[in-house]
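Per full-length UniProt numbering, residue 1 is the first one in the sequence shown, and the count goes up by one each step. For glycine and all other residues, C-beta sits at the position ideal for the given N, C-alpha and C. In this text, all values refer to a predicted model and were calculated from it rather than measured experimentally. Structure first, then comments.
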Amino acid sequence: MGEVDEKPSIDVASPRYSSNKVADIGTELYKMKASLENRENEVVSLKQELLKKDIFIKNLEAAEKKLLDSFKDQSRELEETKALVEESKVEIASLKEKIDTSYNSQDSSEEDEDDSSVQDFDIESLKTEMESTKESLAQAHEAAQASSLKVSELLEEMKSVKNELKSATDAEMTNEKAMDDLALALKEVATDCSQTKEKLVIVETELEAARIESQQWKDKYEEVRKDAELLKNTSERLRIEAEESLLAWNGKESVFVTCIKRGEDEKNSLLDENNRLLEALVAAENLSKKAKEENHKVRDILKQAINEANVAKEAAGIARAENSNLKDALLDKEEELQFALKEIERVKVNEAVANDNIKKLKKMLSEIEVAMEEEKQRSLNRQESMPKEVVEVVEKKIEEKEKKEEKKENKKEKKESKKEKKEHSEKKEDKEKKEQTHQNFDKRMIGKTCSFSIMKLAHHNHNHKHNKETSEEETKNANGGNHQENSDESGEGNSPSSDSYLFKGSIFDIAETPHAQMHHKRRSSCTFLEEVETINPEDLENLDGNHLEEGELNDKGAVARKKKAFIRRFGDLLVRRKSLSFSHKKESSTDSQDKQQPQTPTSPSPPLPPMSPEP
């Protein structure tokens, strides 16, 4: 406007210049109008641009709001990732503690192999927890990557916005006044952008820290996984070693059990053999003792018989006056004497067989003792080589076997005792019947006496037995000195120098055959009471004294009475003695049978003498 005022003042001073000046003014006006129109157009365009800028600013504000919302979402996600990271830290700490406990449990598993299954379960639970932590870390990492991508997109958008702002500022440099408001708004936007940039930088630093921590946790997780794999490998190795050790131990146990069984079998066999040999020895000793006892009893019986024979001689001298009345009875007695002589010969044969058996038994005893000593030494050597535990087990088994054998023997003894009771009851009935018949016979023969010569029978038997003993002595001399010692021990009562030998084999001896027992029962002249009374030698002495007094006084009535009483007592003595010897022999035969039954063919059993020869 100032330039327009200055030009007309110049044109007024010169008239030439006035027309030109008007034209110029018109042109200038025209130009001014055109410029105004241009300015108006520019203003309109600027207004339009301002509107566009307003719209763009609104869009920017909306974008900023979106960015803020996205920043808020990212901050939330970051907080969630931080929470996840903290949770993962807590889980990793718990995993570390569990790993430490697994290490401790592994140390204890070396002592107790049975906890391997518990460790496997703990390792599997640790694996599952580690996998869950891996997944959570992967999710956090993915969230961080997504947030970083969003931030990068926002940064690119911010860069594009900056470029547009720069272009807008370059366009508005000509219109500074109109664009002051825009500059202020842009400054505010720039400040907001700077704030957002600062926030983005902070978020990026936090993300980097989270990445670093995640990498650290990954490294720790890998270390933990490696440790878990090591633990798994060690547990598997220990399990394999334990299985191998169990297999080796089972093999050793089987070998040891077989060895123990073999030792037990050998020990049992040896003990069985020892027991059998001991039983055989005991049986042989019992037989020898019984033979000695019988010899002593026979001696006592012979002595008593000699005394009684002397008394009987005197009674026979007194009784010769009554022989005429007993001729018929003598015939019967002679027949009985012949039968008795036959039985005496049988008894002699049995005695010879018994002596031979005793000699054989003594030989067997000497051999068995040598074998027993050798076997005892072997068994002692084996027992010393065997362990104490095996010996204890073997002893227990041996005791059990001995108990079983004792039970079996008790059962057998009970059965045999029942059989013996039955036989004894039957025999008692037979005896009672026969005793009644003998009592009737005794009533008839009370006043009668024997008139046969006992000395003649004794001399006859003595000659027969003397011939037999001479032959036995020749065989003894041929067999040697050991035989002589055995024969001396077994035949103490067979020496011909003794006075009792004269009446050995007489009717006062014990008949062993069943025929002799029946014959004796037929000819017994007294009753046999179940309560056996002991005979005092004083009675015999009294009888001798009474006999002397009878010779002095010559009282025939008193002599006859004493003679009858003596004959009765003598018959009672013979019957009781025979019954006792029969029961004693029966018991000895049952004992010998019981001892022979448990013996087996492996142990050498000595031959037993026959108790009674077959007729």
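Rounded to whole angstroms, the separation of the alpha carbons of residue 240 and residue 76 is 52 Å.
Residue environment: residue 346 is assigned as buried (16 or more neighbouring CB atoms within 10 Å of its CB, all protein chains considered). Here residue 344 is buried, its C-beta having at least 16 other C-beta atoms within 10 Å. Around the C-beta of residue 258, fewer than 16 other C-beta atoms lie within 10 Å, and the residue is accordingly described as exposed. About 6 Å separates the beta carbons of residue 210 and residue 85, which is inside the 8 Å limit, making them a contact pair. About 38 Å separates the beta carbon of residue 99 from that of residue 201, a gap too long to meet the 8 Å contact definition.
When C-beta atoms of the region 305-317 are compared with those of the region 561-571, three or more pairs fall below 8 Å, so the two segments count as touching. Excluding the 5 residues flanking it on each side, residue 408 has no same chain C-beta neighbour closer than 7 Å. In this structure, the beta-carbon distance from residue 398 to residue 271 falls below 8 Å. The region 324-333 and the region 235-250 do not touch, with fewer than three beta-carbon pairs separated by less than 8 Å. Residue 203 is positioned such that its CB atom lies no closer than 8 Å to that of residue 68. Between the C-alpha atoms of residue 247 and residue 254 there is a straight-line separation of about 11 Å. Of 228, 145 and 277, the smallest CA-CA separation from residue 124 is found for 228. Taking a C-beta distance under 8 Å as the contact criterion, residue 375 and residue 274 qualify as a contact pair. Between residue 220 and residue 92, the C-beta gap is smaller than 8 Å, which places the two residues in contact. Taking every protein chain shown into account, the CB of residue 380 has fewer than 16 other CB atoms within 10 angstroms, so this residue is exposed.
Shortest Cα-Cα distance from residue 207 to any of 149, 256 and 156 involves 149. When Cβ pairs closer than 8 Å are counted between the two stretches, the region 292-312 is seen not to touch the region 418-431, the count staying below three.
By the neighbour-count criterion, in which 16 or more other beta carbons inside 10 Å mark a residue as buried, residue 283 falls on the buried side. By the C-beta density criterion, residue 291 is buried, having at least 16 other C-beta atoms within 10 angstroms. Taking every protein chain shown into account, the CB of residue 358 has 16 or more other CB atoms within 10 angstroms, so this residue is buried.
Between the alpha carbons of residue 327 and residue 320 lies a distance of about 11 Å. One Cα belongs to residue 338, the other to residue 325, and the distance between them is close to 22 Å. In summary, residue 97 is exposed, with fewer than 16 beta-carbon neighbours lying within 10 Å of its beta-carbon over all protein chains present.
A Cβ-Cβ contact shorter than 8 Å links residue 217 with residue 88. The beta carbons of residue 372 and residue 277 sit closer together than 8 Å. Here the alpha carbon of residue 251 sits roughly 36 Å from the alpha carbon of residue 101. Going by beta carbons, residue 63 and residue 157 fall inside the 8 Å limit.
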